[in-house]
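Since the structure comes first, as structure tokens, the remarks are kept for the end.
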Amino acid sequence: MASFREIIANKPYVVSAFLLLGLLTLSSKTTGAESIGVCYGRVANNLPPDPEVISLYQANGITRMRIFDPNPPTLQALKGSNIELIVGVRNQDIQSLGNDVAAATAWVQNNVLNFFPDVKFRYIAVGNEIKPQDAEAKYVLAAMINIKIAIASANLQDQIKVSTAIDMSLLGSSYPPSTGSFSDAASSYINPIIAFLASNGSPFLANVYPYFSYIGDTKDISLGYALFAAPGVTVQDGAFGYTNLFAAAVDALYSALEKAGGSSVEIVVSETGWPSEGGEGATVENASTYYKNLIDSVKGGTPKRRGKPVETYLFAMFDENQKGPAEIERHFGLFSADKQPKYQIRFNEKNKVLANMCTRIKSSHLVYWSILFSSFYMFKSNLLT
Ligand SMILES: *[C@@H]1O[C@H](CO)[C@@H](O)[C@H](O)[C@H]1NC(C)=O
């Protein structure tokens, strides 16, 4: 039997084939494994221009973004960036998109197809934090269906998933997590939406803020539990031990989804964050602890979905000086408006180091050079002559 050394000597193309495989594995790892994105909110009058914002994402290895409306300059600046995007339908547009499939088709044409494939759309979030009693609520599912029809006519239904972003107020019960269920008032609104998500393989987008739970009940909720800094298990729920409130909230949502016929639906946390000033517990130190521990924690999933990273979008990229009225709303940024980082955060390991390399060596070039390399060796070993 030929030794490995002989194989290498006689068939160097085998080596280059392995090299190609290795490089492709490496490049797919750096584009697929990370689970952290950052919301880019623009309720401010002092933010940098969009191209600078995109550069700031890239310089920090942030490979996913959520935007709340299809702002043309942002979409323009995202072209060719490789940043994966959640784009929102504004709440005030839901009714017209739900009433009129032509309006949904135009929305998809103007805001998605006109930028595809240069912008990497991941999800379309039809509305943000619509509650069952809101006037828009009765149009959300219809708008989702109409957008999905438009996406499907472009044959993109496997790449771009349609969903809506909810908040925790839809839950009637969340403690302990296994009792999680939607309130009676929310069920008639959300159950048909969950059926839509399940049948389309779309995720459930949820905005999850342990900060607000904590300040709403500082007697029963310890700061450590909210900051992923509790000394151990704080809530034992059957077989599952919870050391932090974030995981407990996500699993309460999983319990609610299961009871509503959505066992197959994945949860994506479309917003989470901690303010740096403006209210109780809001300090740079506490926020820094929250973000660092959150990023570490979501990699390992939650007790109900152990080992499955929680795709999570931090809120938000910048402090937004026109938010409010509560002071606290203006201090959720990871960066100040002048692009200075408020925290020392490693968003996605490896990415920062590899980001520059990988955007330069586009995978098409990688394949090109590897084939050239392989051919050269095959030629050298007289296989092509
Ligand atoms: C975090 O918040 C708590 C509760 O408000 C506060 O007492 C504490 O000083 C803060 N810790 C730091 C390190 O800022």
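Letter by letter, the sequence shown follows residues -32 to -1, 1 to 353 of mature numbering (1 follows the signal peptide of the UniProt record, and there is no 0). Beta carbons: idealized from backbone N, C-alpha and C, even for Gly.
Residue i versus residue j - alpha carbon distance
i, j, result
"F300", "A93", "21 Å"
"G192", "D37", "35 Å"
"P144", "Q204", "8 Å"
"F150", "A105", "15 Å"
"Y8", "V55", "10 Å"
"A110", "T73", "13 Å"
"S170", "S238", "13 Å"
"residue 435", "I113", "Beyond the ends of the chain as shown, which are -32 and 353, falls residue 435; an answer cannot be given."
"G184", "L213", "13 Å"
"K272", "S137", "21 Å"
"L282", "I4", "7 Å"
"E245", "Y91", "31 Å"
"G209", "A215", "10 Å"
"A68", "P160", "Looking at the sequence shown, residue 68 is not Ala but Asp. C-alpha separation (whole angstroms): 19 Å."
"V80", "I117", "13 Å"
"N78", "D126", "20 Å"
"D188", "E297", "24 Å"
"Y107", "Y157", "10 Å"
"N289", "N39", "19 Å"
"D102", "E20", "36 Å"
"A198", "A284", "25 Å"
"P277", "E248", "30 Å"
Residue i, DSSP secondary structure in three states
i, result
"M285", "coil"
"N96", "strand"
"residue 362", "Nothing about residue 362 can be read from this structure; the chain reaches only from -32 to 353."
"N159", "helix"
"N175", "strand"
"P41", "helix"
"Y15", "The question names Tyr, but residue 15 is Leu in the sequence shown. Of the three classes helix, strand and coil, the one that applies to L15 here is coil, per DSSP."
"Q204", "strand"
"P271", "helix"
"S121", "helix"
"I296", "helix"
"T240", "strand"
"F89", "strand"
"I30", "coil"
8 Å Cβ shell around residue i - same chain, five flanking residues per side excluded
i, result
"G275", "G268, G269"
"D264", "F196"
"L225", "I162, F172, S231, V233, I235"
"S64", "A71"
"residue 401", "Outside the shown range of the chain (-32 to 353) lies residue 401, about which nothing can therefore be said."
"N168", "K116, Q125, K129, V130"
Anticipated Cβ contact below 8 Å, residue i with residue j, distance rounded
i, j, result
"residue 354", "V11", "Residue coverage of the chain in this structure runs from -32 to 353, which leaves residue 354 outside it and unanswerable."
"L43", "F83", "5 Å"
"G229", "T211", "Not confirmed; about 30 Å, so no contact."
"T31", "N254", "Contact flag wrong, Cβ pair sits at about 26 Å."
"P41", "D18", "5 Å"
"T186", "T240", "About 19 Å separates the two Cβ atoms, so there is no contact after all."
"F303", "L24", "7 Å"
Own chain residues within Cβ distance below 7 Å of residue i, not counting five before or after
i, result
"K88", "N50, I51, E52, L53"
"E97", "A133, I134, D135, N175"
"N59", "G95, N96, I98, E104"
"A250", "P243, S244, I296, H299"
"S146", "D205, G206, S223"
Spatial neighbours of residue i in its chain, beta-carbon cut-off 6 Å, leaving aside the 5 residues before and after
i, result
"S142", "G148, A220"
"A153", "P100"
"I128", "F89, I119"
"L15", "F286, A305"
"A217", "V176"
"residue 354", "Because the chain here runs from -32 to 353, residue 354 falls outside it and cannot be looked at."
CB contact below 9 Å: residue i versus chain B
i, result
"M112", "Within the model displayed, chain B is absent; a lone protein chain is all it includes."
Which residues have a Cβ closer than 5 Å to any heavy atom of ligand 1, listed in chain order?
Checking every Cβ against the heavy atoms of ligand 1 under 5 Å gives E248, G249, T251, E253, N254.
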